[in-house]
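A.B. asks: Heads up: the sequence shown at position 71 corresponds to 159 in my numbering, and the numbers run straight through without jumps. Sharing a structure with you now.
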Amino acid sequence: MILTTLRSGEIAKIVAIEGGQGLRQKLLLRGVSEGSIVRMVSSNRGPVVLEINGSTIAIGRGMAKRIIVQK
């Protein structure tokens with residue numbers, strides 16, 4: 089399932105990132121990588137807000153739609 093389909097408060101594991109090296113590098117700098125556990129904070133409007141490794145981050149919807157997760 090795509091990251092943007094998670095509801096607020098749901099927790100999932102990142103299983104794949106569909107994108108090139110540039111996208112992967114940008115996400116890695118924010119602490120987002122395959123195998124990471126994320127909690128959806130907000131995805132209503134604007135950027136997608138996640139909690140990962142004890143930090144809260146915001147990423148654009150385009151990036152979020154390329155992240156495949158498993159509940």
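Backbone N, C-alpha and C define an ideal beta-carbon position, used for all residues, glycine too. These numbers were taken from a predicted model, which means no experiment stands behind them.
If you draw a straight line from the alpha carbon of Ser121 to that of Gly142, how long is it in whole angstroms?
C.D. replies: Counted from its first residue, the sequence shown places residue 121 at position 33. Counted from its first residue, the sequence shown places residue 142 at position 54. Approximately 14 angstroms, taken between the alpha carbons.
A.B. asks: Taking the beta carbon of Ser96 as the centre, do at least 16 other beta carbons fall within 10 Å, making it buried, or is it exposed?
C.D. replies: Position 8 of the sequence shown, counted from the start, is the residue given in the question as residue 96. When all chains shown are included, Ser96 counts as exposed.
A.B. asks: May I ask which residues mark the beginning and end of the beta strand (DSSP E) holding Lys101?
C.D. replies: Position 13 of the sequence shown, counted from the start, is the residue given in the question as residue 101. Lys101 -> beta strand (DSSP E) spans Ile99 to Ile105.
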